[in-house]
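Chemist: Input: one structure, supplied below.
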Amino acid sequence: MAVEAKHDVVVIGAGCAGMRAAIEAHDAGADVALVSKIHPTRSHSGAAEGGINAALGNASEDDPETHAYDTVKGSDYLGDQEAIEILCQEAPGDVYQLEHWGAVFSRTEDGRIAQRPFGAAGAPRTAYAADITGHVLVQVLYEQLSRRELKVYDEYFAWRLVVDEDRCQGVICWDLLDGGLKTIGAKTVIIATGGAGRLYVGTTNAYACTGDGMAMALRVGVALEDMEMMQFHPTTLAPTGVLITEGTRGEGAYLLNSEGERFLKRYAPNAMELASRDVISRAEQTEIDEGRGVEGNVLLDMRHLGAERILERLHGTRELAMTFAGVDPIYEPIPVRPGAHYHMGGVDTDVWGRTELEGLYAAGEAACVSVHGANRLGGNALMETITYGKRAGAHAAEWALTHTTVAVPESVERDAERELKQLLARTEGERPWRIRDELAATMHENFGVFRREEQMARQGELIAGLRERYENVVVQALELGFLLELATCMVVAGRARKESRGAHSRPYDFPERDDVNFLKHTLVRWRDGAPELDWKPVTMTKWQPQERTY
Amino acid sequence: MSEAILYTDSPTMDVRLKIWRFDSTTGDRELKEYEVEAPEWATLLDVLDIIKDRVDGSLAYRKSCRMMICGSCGMRMDGGAVLACKTRMADIVASGRVPTISAMGNLPIVKDLVVDMTPFWSKFRAIGPWLRPGYDRPDDGKEYRISQERMNVIHKESLCINCGCCVSECNAMESDPEFLGPQALAKGMRFVGDPRDAGTVERLEDYNDSHGIWDCTRCYYCNERCPKGVDPRDAIAKLGAESIKHGIDRDMGAKHAKWFVKSAMTTGWLREAELVPKTQGIVSAIKQTGFALELARHGKVPPPFPPHVAERVKEARLLYDLVKEQGRDGALGIVQGEHALARIEFLEEHGARLNAPEIQPGVEPPHAEG
Ligand SMILES: Cc1cc2nc3c(=O)[nH]c(=O)nc-3n(C[C@H](O)[C@H](O)[C@H](O)COP(=O)(O)OP(=O)(O)OC[C@H]3O[C@@H](n4cnc5c(N)ncnc54)[C@H](O)[C@@H]3O)c2cc1C
Ligand code: SF4
Ligand code: SF4
Ligand code: FES
Chain A
41 MAVEAKHDVV VIGAGCAGMR AAIEAHDAGA DVALVSKIHP TRSHSGAAEG GINAALGNAS
101 EDDPETHAYD TVKGSDYLGD QEAIEILCQE APGDVYQLEH WGAVFSRTED GRIAQRPFGA
161 AGAPRTAYAA DITGHVLVQV LYEQLSRREL KVYDEYFAWR LVVDEDRCQG VICWDLLDGG
221 LKTIGAKTVI IATGGAGRLY VGTTNAYACT GDGMAMALRV GVALEDMEMM QFHPTTLAPT
281 GVLITEGTRG EGAYLLNSEG ERFLKRYAPN AMELASRDVI SRAEQTEIDE GRGVEGNVLL
341 DMRHLGAERI LERLHGTREL AMTFAGVDPI YEPIPVRPGA HYHMGGVDTD VWGRTELEGL
401 YAAGEAACVS VHGANRLGGN ALMETITYGK RAGAHAAEWA LTHTTVAVPE SVERDAEREL
461 KQLLARTEGE RPWRIRDELA ATMHENFGVF RREEQMARQG ELIAGLRERY ENVVVQALEL
521 GFLLELATCM VVAGRARKES RGAHSRPYDF PERDDVNFLK HTLVRWRDGA PELDWKPVTM
581 TKWQPQERTY
Chain B
-2 MSEAILYTDS PTMDVRLKIW RFDSTTGDRE LKEYEVEAPE WATLLDVLDI IKDRVDGSLA
58 YRKSCRMMIC GSCGMRMDGG AVLACKTRMA DIVASGRVPT ISAMGNLPIV KDLVVDMTPF
118 WSKFRAIGPW LRPGYDRPDD GKEYRISQER MNVIHKESLC INCGCCVSEC NAMESDPEFL
178 GPQALAKGMR FVGDPRDAGT VERLEDYNDS HGIWDCTRCY YCNERCPKGV DPRDAIAKLG
238 AESIKHGIDR DMGAKHAKWF VKSAMTTGWL REAELVPKTQ GIVSAIKQTG FALELARHGK
298 VPPPFPPHVA ERVKEARLLY DLVKEQGRDG ALGIVQGEHA LARIEFLEEH GARLNAPEIQ
358 PGVEPPHAEG
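So the sequence lines, in the order shown, correspond to chains A and B.
By my numbering, the letter at position 211 of the first sequence is numbered 251, and the numbering carries on one by one without gaps.
By my numbering, the letter at position 287 of the second sequence is numbered 284, and the numbering carries on one by one without gaps.
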C-alpha cells in the first residue's frame, strides 16, 4: 500500500457541510480534495425539504438577534451562545452567497427569497425552495465544486484517521469500486460525514448515515459532545420513517389523535403545530402511549389546505405519502409518528471547527459546535452546514498553508492493512444484518423519545453483548462497528445526564430540567477500549436560562 | 415496549425476481431467480436488501436515501429504467409477474446492478454546469430580484437528481454515445432559463453543435422514464425555442423548427412538403422528393401547390403576434403553456373546468410537432 496522494486539506464527506468547506478552503488558496463513500449529490443533505434559517426579513421584520434568542431557547439553554450568535450573524450573507451562486429559491411577490414560518421561530425565517431546499443546495454546491474542478475521491469509504506526532495527517480509505486500501495524506482533515440516524429502526436518515466520522474521531481519542441528544422528528411516515416535512405544518396542517382532536392544545396551546420538535414528539408519544393513537401513529391532516395548495407547495410530500404509505393527502390524513432524525451531538469543536487534535476539524451534523444544544430548530441544521462548513474550511486552509509537511508513517498503513485482513478473514459467527437490526430496534425501545434508567442500563449491556458478537462477524459493513461504538457513548452520556432537557426526556425519574447540576455538555472519550465521561461548561453571552414554554 | 416500535409486524408477501448478475472482471453473466418474504409495503429496494442480507451478500447495487431523492438506485425492471426505491412491489406480486432486474443501459456495467457513471458525469460537466456570473450583483449585496414566474421556467429542470434513468433509455445515445443526452441538456436548460446566468448565448451556441440538441430523435423515452418529472425532452424543446429566439439557427433542426412557425403563420398549416427544401437546401431536397411524394400519396401532407390556406389562419397569425408582443416566445411560453394545460387537466380530472379553450365542433385544429 502506498500513499495515493497528498493534499493541503482533505474533507471527508461531501454533503452540504463538506462541499461548503472544500469550496472555502480552495478559495483561500489550498489544494483541496474530498472523500465520499457516495457521490456528492447523493449525500443526505439533499433530502432536506423544509428550508434554511436566516434573518433576511423578507416575510416580516426579523434580525439576527431574534434568531439567536429563538435558537438559544429552542436548545433548552444547552447551546453555546457565542457559536449561536456567530451562526445567526453570518447566516444572511451566507444565504445571499448561495443565491448568487444560483440556488433556485422560491420567491416572494417582489422577487426576493421567500421565507416561511417554522417551529419555535419568532418570525417566518425559513428560506426555502418549494419542498426540495436541501436538493437545491446540494446541486448548487456541486456546481461550484465542478466549476473549481475540485478532486473528489468518489465511492471511497474513509475508515481510519492517520495520526502522527499528535497531529492528524490524513485518512485511510477503502476503495469501494476497485477494492483495496488507499491512503490520502493531508495537512488538515475536516470530518463532514453527517448523522447517525441508522442507530434507530425508525429514522428519517439515509442508509449512509452511520456516524462514521464521529466514530473515527472517537477512535483517535477525540471527544464527542452531547451524544445523548438525538432529536426525534414528530412527523415521520409509518412504516419506513420517511420524513414528512415540517413545512406541511408551516403551511397549516393539523395533528390529530384517534378522537379527531387537535391534541397539541393540551401541550402547546399557543404555538400548537408550530411548537418545538421535542415538545411535539413527546406530545405524540404520550397520546400513543395513552391509547389515543391510530395503530401506533397520530394523523397529519392537510385536507383543509385544498388540492391546489397541496399540489403547488407540497408536491413532493404528496408523492412520498402516496409511494410509501399509499395515502393521498388531498383526500386522507397521513399516519405519522416520532422517528430519529438529527444528532445534536457530535465531534466536539470550537467556533472554527477545530477539535482537540491538531489538524483535525469537523463540521455539519457530525460536529457539535454546539448551536443546537439539547434540541435543534427546524431549518437551523442546513444553515449550520453552510456557515460552519465555511468557517472550518477557512481555518483548515489557513493552518495548512502555514505548515509544510505531511508524514504518513508506514507503520500506520501496515497496521490498518493487517487489521482489515483479519476482519475479512473471519468466516464464522453472525451476519451483520441481524446485529444491525437488533441494535436499531433496541435503541428505539430503550433510548427513544422517553428514557428510563433501567432501560438505558439494559441497553448499555445489550450493546456490549452485540459488540462481542460483532467481533466474530465477517465484515460486510465497517459501518456497524462505528454504530456500536456511538451507541455506547450515547448510553453512557444519557445515563449521566440525570435531568430532562430538550431531546433527553426522563419523565419517570428526572422530569425537570436541572440548571444547577446539568447546565453543561457531556463529553465522551474512548480510553483503553472503554468510554470515559467528562463535562464541559456551556458558553453564555446574553441569555440566562428561563422556563421554556410555547 | 411502546407501540411505535413495531415496524416489522406488518403482513408479508412472497416476492419473486430475476436478476441479471454480472462480473466485469470475468465477464460472467447469469440470470438468477430469487424468492423472498417481504413486508407488503416493500419497494424493489427493500426486496434487494432482503436478498442481500439473507440470501446472497455478494449482490451489488447502489442505494442511500430510500426516498427518491439521492438518485443512487437507478436500474432496469423488465427493460425500462426505474428507481428501485420508488417501485412498490405489491401490485407486481399480485399480478403474478416475475420481473427481471438488470443494470441501466447506455453505461458500462461494473458489477450486477452497478454501472460506471463516468460517462454520465463527463456529459454533465461538458455543458458547463454552473451559473456564469457576469451581471452586476444587486447594489445592496442581497439577492437578485426575480419573479417566481421567471423561476418557474426552470422548476422542472431543477428537480433532476442525476439518477441516469433517462440516459439509460435514450435512443440517440444508443446510436451516438457522444450525444450530450437528456440529463446534461436538461441541466443546460436549467442555466439558459435562469435570468441570473450571463452565458445564455454561448451556451446555446455550444448546445447547437453536433451531438447537441438537434441530435435528439424525439423518442420521448426520457420523459417517460424520468422518475422526477423533469421531462428532459421538453427541456430540449425549450433550448430549441431559445436558440431560435436568439437567432441561432445554423442547425438543420433549427431551420426546420423555424419553418414550422413561418408556415403556420402564413397558411395556418404546416406545409411539410416545403419543409425539406427550406431546411436542407435544394440538392438534398431532390433526393428526398421520392419520400415526400410517398407521404403525399398516403395523405400525410397536403400537396404543395397551390398553397392551401386554412380557414382560421388569421387566428394563427394573431396568436403568433400576441406571443411575440408579450415576450412569451422561447422557454417562458412553453412553461406557461404547460402550466395552463396542467391546470386544465387537473380541474377536468376533478370535474371542474376553468378557462378551458373553446373548441369548435367539427374543426380539426392544426396538428404540429417540433
Ligand atoms: C429527511 C431530512 C430532512 C431534513 N430537513 C431539514 C430542513 O428542512 N432544514 C434543515 O436545516 N435541516 C434539515 N435536515 C437536517 C440536515 O439536512 C442535515 O443535518 C444536514 O444536511 C447534514 O449535512 P452534512 O453535510 O453534515 O451531512 P450529509 O449531507 O449527510 O453528508 C455526509 C457526507 O459524508 C459522506 N460520508 C459519510 N461517511 C463516510 C465515510 N466513512 N467515508 C467517506 N465519506 C463518508 C457521505 O458520503 C456524504 O457525502 C433534514 C434531515 C433529514 C434526514
Ligand atoms: S427524446 Fe431525445 S433525449 Fe429523450 S430519450 Fe429520446 S433521443 Fe434521448
Ligand atoms: S432528468 Fe430525470 S431521469 Fe434524467 S437524471 Fe435527471 S432525474 Fe434522472
Ligand atoms: S435510494 Fe435514493 S433515490 Fe433510491
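Beta carbons are placed, not taken as given, at the ideal position from N, Cα and C, and that holds for glycine.
Just so it is clear, the structure is predicted and the values come from calculations on it, not from any experiment.
How big is the Cα-Cα spacing for residue 300/A and residue 229/A?
Modeler: 52 Å
Chemist: Please compile the residues from chain C whose C-beta is within a distance smaller than 7 Å of the C-beta of residue 69/B.
Modeler: Absent from the structure: chain C. Protein chains present are A and B.
Chemist: Assuming residue 109/B is part of the beta strand (DSSP E), what are its boundary residues?
Modeler: Careful: residue 109/B lies outside any beta strand (DSSP E) and carries neither H nor E.
Chemist: Note down the Cα distance separating residue 145/A from residue 557/A, rounded to an integer number of angstroms.
Modeler: 44 Å
Chemist: For residue 555/A, which option in 585/A, 318/A, 261/A and 58/A has the closest C-alpha, if you only look at C-alpha atoms?
Modeler: Checked all of 585/A, 318/A, 261/A and 58/A; the closest Cα to residue 555/A is 585/A.
Chemist: Taking Cβ positions, are residue 61/A and residue 433/A nearer each other than 8 Å?
Modeler: Their beta carbons are under 8 Å apart, which means residue 61/A touches residue 433/A by this criterion.
Chemist: With a threshold of 7 Å (Cβ to nearest heavy atom), would residue 68/B be considered close to ligand 4?
Modeler: yes
Chemist: Pop quiz: residue 520/A and residue 476/A are said to be a contact at Cβ under 8 Å. What is the actual Cβ separation, rounded to whole angstroms?
Modeler: 5 Å
Chemist: Give a yes or no on whether 8 Å exceeds the smallest Cβ distance from residue 138/B to chain A.
Modeler: yes
Chemist: Please identify the residue among 16/B, 255/B and 103/B whose C-alpha is closest to the C-alpha of residue 75/B.
Modeler: Distance check between residue 75/B and each of 16/B, 255/B and 103/B places 16/B closest, using alpha-carbon atoms only.
Chemist: Report the option in 559/A, 548/A and 529/A whose CA atom is closest to the CA atom of residue 541/A.
Modeler: 559/A
Chemist: Less than 8 Å between the beta carbons of residue 74/A and residue 422/A, yes or no?
Modeler: no
Chemist: Are the segment 336 to 353 of chain A and the segment 321 to 328 of chain A touching, with three or more C-beta to C-beta distances below 8 Å?
Modeler: As far as the Cβ criterion goes, the segment 336 to 353 of chain A touches the segment 321 to 328 of chain A, which means the pair count is three or higher.
Chemist: List the residues of chain B that residue 141/A touches, going by C-beta distances under 7 Å, in chain order.
Modeler: 128
Chemist: I want to verify the contact list: residues of chain B whose CB lies under 7 Å from the CB of residue 186/A, in sequence order.
Modeler: Within chain B, the residues near residue 186/A are 122, 126 and 127.
Chemist: Suppose contacts are defined by Cβ-Cβ distances below 8 Å. Is residue 54/A in contact with residue 202/A by that definition?
Modeler: Going by C-beta atoms, residue 54/A is not nearer than 8 Å to residue 202/A.
Chemist: Taking a contact to mean a Cβ-Cβ separation below 8 Å, would you say residue 148/A touches residue 93/A in this structure?
Modeler: Between residue 148/A and residue 93/A, the CB-CB gap reaches or exceeds 8 Å.
Chemist: When burial is assigned at 16 or more other CB atoms within 10 Å of the CB, is residue 486/A buried or exposed?
Modeler: buried
Chemist: Looking at the strands, I want to know which residues DSSP matches up with residue 193/A.
Modeler: 75/A
Chemist: Please give me, in chain order, every unbroken run of the beta strand (DSSP E) with length at least 3 that falls completely inside the segment 41 to 123 of chain B.
Modeler: As summarised for the segment 41 to 123 of chain B, the continuous beta strand (DSSP E) elements at least 3 residues long and confined to that stretch are 71 to 74, 77 to 80, 97 to 99 and 106 to 108, given in chain order.
Chemist: Does residue 180/B come within less than 8 Å of chain A when only Cβ atoms are used?
Modeler: no
Chemist: When you measure from the CB of residue 81/B to every non-hydrogen atom of ligand 4, does any distance come out below 7 Å?
Modeler: yes
Chemist: Pick from 345/A, 249/A and 289/A: whose alpha carbon is nearest that of residue 76/A?
Modeler: Closest in C-alpha terms to residue 76/A, from the list 345/A, 249/A and 289/A, comes 249/A.
Chemist: With DSSP run on the structure shown, which of helix, strand or coil describes residue 84/A?
Modeler: helix
Chemist: Grouping DSSP H, G and I as helix and E and B as strand, with all else coil, what is residue 220/B?
Modeler: Looking at residue 220/B - three-state DSSP - the assignment turns out to be helix.
Chemist: Start and end of the alpha helix (DSSP H) containing residue 379/A?
Modeler: Run containing residue 379/A: none in the alpha helix (DSSP H); it sits in the beta strand (DSSP E), 374 to 383.
Chemist: Using 7 Å as the cut-off, classify the Cβ of residue 215/A as near or not near the heavy atoms of ligand 1, replying yes or no.
Modeler: no
Chemist: Chain B partners of residue 110/A, CB-CB under 7 Å?
Modeler: Chain B residues near residue 110/A: none, gap ~22 Å exceeds 7 Å.
Chemist: Going by C-alpha to C-alpha distance, which of 86/A, 206/A and 173/A sits closest to residue 397/A?
Modeler: 206/A
Chemist: Specify whether the segment 253 to 262 of chain A and the segment 398 to 406 of chain A touch according to this definition: at least 3 beta carbon pairs, one from each stretch, less than 8 Å apart.
Modeler: Between the segment 253 to 262 of chain A and the segment 398 to 406 of chain A, the count of Cβ pairs shorter than 8 Å is three or higher; the stretches touch.
Chemist: What does residue 171/A reach in chain B if we use C-beta pairs closer than 8 Å?
Modeler: Chain-ordered listing is empty here: chain B has no CB closer than 8 Å to the CB of residue 171/A, the nearest sitting near 10 Å.
Chemist: Would residue 268/A and residue 544/A be called neighbours here (beta carbons separated by less than 8 Å)?
Modeler: yes
Chemist: Keeping to the same chain, check which residues put their C-beta closer than 7 Å to that of residue 217/A; ignore five residues upstream and five downstream.
Modeler: If the five residues before and after residue 217/A are omitted, its C-beta is found closer than 7 Å to the C-beta atoms of 195, all from its own chain and listed in chain order.
Chemist: DSSP three-state label for residue 44/A, please.
Modeler: strand
Chemist: Are residue 179/B and residue 216/B close, meaning C-beta to C-beta below 8 Å?
Modeler: no
Chemist: Pick out whichever of 94/B, 192/B and 56/B has its Cα sitting closest to the Cα of residue 139/A.
Modeler: Taking residue 139/A as reference, the option from 94/B, 192/B and 56/B with the minimal CA-CA separation is 192/B.
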